[in-house]
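Structure first, then comments.
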Amino acid sequence: MAYQSSNIIPSFDQLQPLQPQTNPLFQQIGNPDLKRAVNNNISANYNAFSLLKGTNININGNFSFVNNPIVNKTTVMENSAQISSYENLSGKSNWNGGLNINHMQPLANRRINFNKSANIRYNNSYSYTKFESGQSQGEFLLNNSKTPPSA
182 MAYQSSNIIP
192 SFDQLQPLQP
202 QTNPLFQQIG
212 NPDLKRAVNN
222 NISANYNAFS
232 LLKGTNININ
242 GNFSFVNNPI
252 VNKTTVMENS
262 AQISSYENLS
272 GKSNWNGGLN
282 INHMQPLANR
292 RINFNKSANI
302 RYNNSYSYTK
312 FESGQSQGEF
322 LLNNSKTPPS
332 A
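Residues 182 to 332, numbered by this note's numbering, are exactly what the sequence shown covers, in order.
This is the structure in structure tokens:
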């Protein structure tokens, strides 16, 4: 079992307020007031091997969460143009987790190895969106993007 913590420092592009505009329908603006985010990762690993039977099982799991994450903040204009920036999100965490299981078993008097594997991952993250027209006009909505478990 292991725990690791690391800082996620805003990139130059995320901090730089003025950036070259190459697309009139998409404008990127940096935020010089961004603070660092903190990534926390917990992982565990189990491995068992039988020399006599020739079998092996390996189980890996991890869980990671980011405090004070840097998220996208997008404004969609009436002409569908977008203005995008970045902001620290306090009080919520981006997180993800996963589990991986592998099992090897010999067949045909150890001449063939039969490997079975399964994994599952889940991701949960946030972003802001504001529409200049429509029902949510004028206010930023907090979007919660979830990637359902995949096998």
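Think of the CB as a built atom: it goes at the ideal place given N, C-alpha and C, for glycine as much as any other residue.
Keep in mind the model is a prediction, meaning the values are calculated, not measured.
Confirm, please, whether the CB-CB distance from Q208 to I293 is below 9 Å. Taking the sequence shown and counting its residues from 1, the one referred to as residue 293 is at position 112. Taking the sequence shown and counting its residues from 1, the one referred to as residue 208 is at position 27. No, the pair does not count as a contact, with Cβ atoms beyond the cut-off.
Do the region 270-280 and the region 297-306 touch if we need at least three Cβ pairs shorter than 8 Å? yes
The beta strand (DSSP E) spanning N202 covers which residue range? Residue numbering aside, residue 202 sits at position 21 when the sequence shown is read from its first letter. In the sequence as presented, Asn is not what sits at residue 202; that position holds Gln. No beta strand (DSSP E) holds Q202; DSSP gives it neither H nor E.
Leaving out five residues before and five after N222 in sequence, what residues of the same chain have Cβ atoms less than 6 Å from its Cβ? As a first step, residue 222 is located in the sequence shown; it is residue number 41 there, counting from the start. Excluding sequence neighbours, N222 sits near Q185 and S245.
Own chain, CB closer than 8 Å to G287, minus 5 neighbours either side, in chain order: Indexing the sequence shown from 1 puts residue 287 at position 106. Looking at the sequence shown, residue 287 is not Gly but Pro. Within the same chain, P287 has close Cβ partners K234, G235, T236, I293, N294 and F295.
Note down the Cα distance separating I240 from L232, rounded to an integer number of angstroms. Numbered from 1 along the sequence shown, position 59 holds the residue referred to as residue 240. Numbered from 1 along the sequence shown, position 51 holds the residue referred to as residue 232. If I take the Cα positions, the gap works out to 18 Å.
Take E268 as the anchor and find which of N243, Q197 and N283 has the nearest alpha-carbon. Taking the sequence shown and counting its residues from 1, the one referred to as residue 268 is at position 87. Ranking the options by Cα distance to E268, first place goes to Q197.
For S271, which of T203, S308, N283 and T255 has the nearest alpha-carbon? Walking along the sequence shown from the start, residue 271 turns up at place 90. Here the closest residue by C-alpha is S308.
Any non-hydrogen atom of the ligand HEM closer than 8 Å to I189 Cβ: For the structure depicted, the ligand HEM is absent and the ligand set is empty, with no information on it obtainable.
In this structure, what does DSSP give as the bridge partners for R292? As a first step, residue 292 must be located in the sequence shown, where it is residue number 111. DSSP lists no partner for R292.
Could you name the residues that DSSP lists as bridge partners for M285? Counting from 1 along the sequence shown, the entry for residue 285 is found at position 104. N237 and N296, per the DSSP bridge assignment.
Give every residue of the same chain whose Cβ lies closer than 6 Å to the Cβ of A218, excluding the five residues on either side of it in the sequence, and list them in chain order. Position 37 of the sequence shown, counted from the start, is the residue given in the question as residue 218. I189, V247, N249, P250 and I251.
How long is the line joining the alpha carbons of K254 and S187, rounded to whole angstroms? Taking the first residue of the sequence shown as 1, we reach residue 254 at position 73. Taking the first residue of the sequence shown as 1, we reach residue 187 at position 6. Computed Cα separation, rounded: 24 Å.
Cβ shell of S183 (< 6 Å), same chain only, five flanking positions each side left out: Within the sequence shown, numbered from 1, the residue matching residue 183 stands at position 2. It should be pointed out that residue 183 corresponds to Ala in this sequence rather than to Ser. Closer than 6 Å at Cβ, skipping near neighbours: S224.
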